[in-house]
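In this note's numbering, the protein residues as written are 193 to 713.
For glycine and all other residues, C-beta sits at the position ideal for the given N, C-alpha and C.
Since this is a predicted model, take the numbers as computed values, not measurements.
Let me begin by presenting the structure, written as structure tokens, before commenting on it.
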Amino acid sequence: MSDNNQVWFLTGTSSNFGITLTRALLKAGHRVVATARTPSKLPFVTGDRLLVLRLDVNDVPSISQAFDEAKKRFGRIDVLVNKAGSNMLVELEGHSEIHARDMFGTQFWGPAHVQKKATAIIEAQRSQGLIFNVTTVMAVFAAPLSTIMCASKAASESLSISRASSSPFVTAVNVRPGGFEDQPVAVIGEQLPSYAAKDLGRTVAATIRSYANKPPPGIGNVRKMAETLIALAKLPRDKLPIRAVVLGSDVSSITRAVATKRVAHIKHGQHLLSQVQRSGPRFKEARVWFVANANSTLGQNLVQVLLASGQRVAVALPSDGTLSPLASHDQLLVVHSPRVNVDALGTVLNSVAEHFGRVDVILNAPSDRQESQQDDWETAYAIAERVFWSPMNTMSVALKVLRERNPPGAGGRIFNILTTVSTEDSSVAVHNALNAAVNIGTAALARELPGRWNIGVAAVTLDSDLHADPETARTLIALAELSQSDLRARSLLERALWRALSARHRLNCPTLARSKQCCAR
Numbered sequence: 193m194s195d196n197n198q199v200w201f202l203t204g205t206s207s208n209f210g211i212t213l214t215r216a217l218l219k220a221g222h223r224v225v226a227t228a229r230t231p232s233k234l235p236f237v238t239g240d241r242l243l244v245l246r247l248d249v250n251d252v253p254s255i256s257q258a259f260d261e262a263k264k265r266f267g268r269i270d271v272l273v274n275k276a277g278s279n280m281l282v283e284l285e286g287h288s289e290i291h292a293r294d295m296f297g298t299q300f301w302g303p304a305h306v307q308k309k310a311t312a313i314i315e316a317q318r319s320q321g322l323i324f325n326v327t328t329v330m331a332v333f334a335a336p337l338s339t340i341m342c343a344s345k346a347a348s349e350s351l352s353i354s355r356a357s358s359s360p361f362v363t364a365v366n367v368r369p370g371g372f373e374d375q376p377v378a379v380i381g382e383q384l385p386s387y388a389a390k391d392l393g394r395t396v397a398a399t400i401r402s403y404a405n406k407p408p409p410g411i412g413n414v415r416k417m418a419e420t421l422i423a424l425a426k427l428p429r430d431k432l433p434i435r436a437v438v439l440g441s442d443v444s445s446i447t448r449a450v451a452t453k454r455v456a457h458i459k460h461g462q463h464l465l466s467q468v469q470r471s472g473p474r475f476k477e478a479r480v481w482f483v484a485n486a487n488s489t490l491g492q493n494l495v496q497v498l499l500a501s502g503q504r505v506a507v508a509l510p511s512d513g514t515l516s517p518l519a520s521h522d523q524l525l526v527v528h529s530p531r532v533n534v535d536a537l538g539t540v541l542n543s544v545a546e547h548f549g550r551v552d553v554i555l556n557a558p559s560d561r562q563e564s565q566q567d568d569w570e571t572a573y574a575i576a577e578r579v580f581w582s583p584m585n586t587m588s589v590a591l592k593v594l595r596e597r598n599p600p601g602a603g604g605r606i607f608n609i610l611t612t613v614s615t616e617d618s619s620v621a622v623h624n625a626l627n628a629a630v631n632i633g634t635a636a637l638a639r640e641l642p643g644r645w646n647i648g649v650a651a652v653t654l655d656s657d658l659h660a661d662p663e664t665a666r667t668l669i670a671l672a673e674l675s676q677s678d679l680r681a682r683s684l685l686e687r688a689l690w691r692a693l694s695a696r697h698r699l700n701c702p703t704l705a706r707s708k709q710c711c712a713r
């Protein structure tokens, strides 16, 4: 088929970009399926080379119906542009759970369903197809007031590439556009009183809110963006960007800065790991730890080490979960929570604060490797509850508990522990995508918290074979003792790095000649 006579399927066409791309495609001679949640908002109607359809990415039947009608009309699909999305600037605590889940669904589950349907059609054609997944620089840049936006876009990018790589007929490219709207409109959620207190001084979140009230016009050119996508679609598949293409000088600058910062964070993380392994955990006083998903491998390991070191521990378990034989320990509180929604988790954390008088460290232990097949959406949704919503909702609830149930300024620490899973294995594509979501979502939250609260938030990614190692638990305990300025929002603990640090420490250990025990232990 001629490159100038392809069938393009667009979602979210009612946006400025969607309208501009549709016009550019028709001018270039292509056939276009333009979909929108409300088709009446589109400034054009169905014609010889244009089919206007209703499609709501949160309504799976409407996705299937739109693709069926497109296939019936034009006989094929060559290029998919996944553009549907929504955003609201608000602190994580300011999101209602219903709104957060709806936003995540629009920007993660919706595009996933659309891509799955398009992939099935392209594979049946046995021709090469292309998927443009239009995201945002916030898929890699942790932006305050955009926790759910960052998380959903990072997850969408990961899943889109992973699932396309498992098909011999589909190539996926994530597109991160810059600001190109002539009259941008920012939807700003109501600020909670805790974040507006005068004694907090000037915060990052407050600065963003004042800026977002009157956002300036984008510096990008939407017409050039549309032309760039059309030009990219003409390239041989092996010449396309491997993972993502950035469009706009503003996004290019941010992307370079993010890459530089990531290298700095890795170096800082190596330094901290070396430091905590050398000194080991040093408790200023007994802490109260709350460990979610405590019946996991790492959870049980951590609880044992904590109790052995004299810490007080509360654990959250599913209804049928157990921690035997630790359940009878006098410094251990076991709480069962069958659900991971905000209300249920709020009840659990407040009961822990009531029992011990405070909560100092909240740690979400990781689930073990979670597998799902591409058509098994029920399993995928269940994985999301464990891997994504459990830690995100726990963080949202924990902020209020640490702020209001602890002494003023005492603050606390929140850790989300993630498991490394293979990016090459399609059976864990959903797990891997949700890991990416939690990782950047945690970093975005860390940036929106006022410094005076002294609440440190961090995501730590661990190789799965480190979960049962007591040294891992001791390192996590030591990280919890770091000052807020030393604690980084994202850390990576891999087996290779771990071995290198351990080997270096053993060489420098003054007691090694006299004992088989390492002094850091």
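Among P369, R454, P600, D568, nearest to K345 - alpha-carbon criterion:
When the alpha-carbon of K345 is set against those of P369, R454, P600, D568, the nearest one is in P369.
At 3 residues or longer, what runs of the beta strand (DSSP E) sit wholly inside the region 624 to 661?
Segments of the beta strand (DSSP E) lying fully in the region 624 to 661: 647 to 654.
G440 classed as buried or exposed, judged by whether at least 16 other C-beta atoms fall within 10 angstroms:
G440 comes out buried.
For G204, is the classification buried or exposed, using 16 other Cβ atoms within 10 angstroms of its Cβ as the cut-off for buried?
Classification of G204: buried, given that the 10 Å Cβ count is 16 or more.
Return the Cβ separation of I255 and V306 in integer angstroms, given the expectation that the two are a contact with Cβ distance under 8 Å.
A Cβ-Cβ distance of about 6 Å is found for the pair I255 and V306, placing them in contact under the 8 Å criterion.
For the alpha helix (DSSP H) holding V534, just list the boundary residues, first then last.
From DSSP, the alpha helix (DSSP H) with V534 extends over 534 to 548.
Does DSSP put L432 in a helix, a strand or coil?
Here L432 carries a coil assignment [DSSP, helix/strand/coil].
Less than 7 Å between C-beta atoms, sequence neighbours within five positions excluded: which residues of the same chain meet that for L242?
Closer than 7 Å at the Cβ level, and outside the excluded window around L242, lie L218, V224, A226, F236.
Per DSSP, the bridge partner or partners of R241
In the DSSP output, where bridge partners are listed per residue, R241 has none listed.
With 16 other Cβ atoms within 10 Å as the buried cut-off, status of E546
Exposed, because fewer than 16 other Cβ atoms sit within 10 Å of the Cβ of E546.
Pick from R595, L626, R597 that is closest to V579, judged by C-alpha positions:
Nearest of R595, L626, R597 to V579, Cα basis: L626.
Range of the contiguous alpha helix (DSSP H) that encloses R531:
From DSSP, R531 is part of no alpha helix (DSSP H); its letter is neither H nor E.
Between the CA atoms of S488 and S466 - distance to the nearest angstrom:
S466 and S488: Cα-Cα distance of roughly 26 Å.
Rounded straight-line distance, which links the Cα of R401 to that of V544:
Here the alpha carbon of V544 sits roughly 34 Å from the alpha carbon of R401.
Can you tell me whether L610 is helix, strand or coil according to DSSP?
It is a strand residue.
Can you give me the Cβ contacts of N585 inside the same chain, cut-off strictly under 8 Å, excluding the 5 residues immediately before and after it?
Only residues of its own chain outside the window of five on either side were considered, and among them E289, V532, N533, V534, L537 have a CB closer than 8 Å to the CB of N585, listed in chain order.
Which residue wins for smallest C-alpha separation from R394, given the options A650, P642, L658, D678?
Looking from the CA of R394, the closest CA among A650, P642, L658, D678 belongs to P642.
Judging by CA-CA distance, which residue of G297, M341, F372, A343 is the nearest neighbour of L213?
Distance from the Cα of L213 is smallest, within the candidate group G297, M341, F372, A343, for F372.
Considering only the alpha carbon of each residue, which of V507, V630, H287 lies closest to A486?
Per the Cα distances, V507.
Provide the residue span of the beta strand (DSSP E) that contains I422, from first to last.
That residue, I422, is in no beta strand (DSSP E); its alpha helix (DSSP H) goes 414 to 425.
Assuming S564 and A572 are in contact, meaning their beta carbons sit under 8 Å apart, how far apart are those beta carbons, in whole angstroms?
Contact between S564 and A572 holds: CB atoms are separated by about 5 Å, below the 8 Å threshold.
Just mark I434 as buried or exposed, buried being the case when its beta carbon has 16 or more other beta carbons within 10 Å.
Exposed, since its Cβ has fewer than 16 Cβ neighbours within 10 Å.
Within its chain, find whatever has a CB closer than 7 Å to the CB of F333; leave out the 5 residues flanking it on each side and keep chain order.
Here the set comprises I446, V450.
Can you give, in chain order, each stretch of the beta strand (DSSP E) that sits fully within the region 308 to 334 and has at least 3 residues?
Counting only runs of 3 or more, we get 321 to 326.
Within 7 Å of any Cβ in chain B, is that where the Cβ of N627 sits?
Absent from the structure: chain B. Only one protein chain is present.
Reduced DSSP secondary structure (H/G/I, E/B, other) of P253:
P253: helix per DSSP, three-state reduction.
Is P583 helix, strand or coil when you go by DSSP?
Three-state result, P583: helix.
Measuring alpha carbon to alpha carbon, tell me which residue in V483, F300, T339, F361 is nearest D430.
Of the listed residues, the one whose Cα sits closest to D430 is F361.
With a Cβ-Cβ cutoff of 7 Å, do G302 and V379 count as a contact?
In this structure, G302 lies away from V379, with their beta-carbon atoms at least 7 Å apart.
Under the rule that 16 or more other beta-carbon atoms within 10 Å means buried, what is A660, buried or exposed?
Exposed: under 16 other Cβ atoms inside 10 Å.
In whole angstroms, give me the CA-to-CA distance for V480 and L674.
Inter-residue distance for V480 and L674 is about 16 Å (C-alpha atoms, whole angstroms).
Just tell me which of E419, S529, L281, D391 has its CA closest to the CA of R215.
When each option's Cα is compared against that of R215, the closest is E419.
If you count every other CB in all the chains shown that lies within 10 Å of the CB of Q320, and 16 or more means buried, which is it?
The residue in question, Q320, is exposed, as its Cβ has fewer than 16 Cβ neighbours within 10 Å.
Anticipated Cβ contact below 8 Å, F324 with L281, distance rounded
Actually they do not touch by this definition, with Cβ atoms about 26 Å apart.
With burial defined as no fewer than 16 other Cβ atoms inside 10 Å of the residue's Cβ, what is the status of P385: buried or exposed?
Label assigned to P385: exposed.
Contact belief for N631 with T653 at Cβ below 8 Å, rounded distance in angstroms:
Correct: roughly 7 Å between the Cβ atoms.
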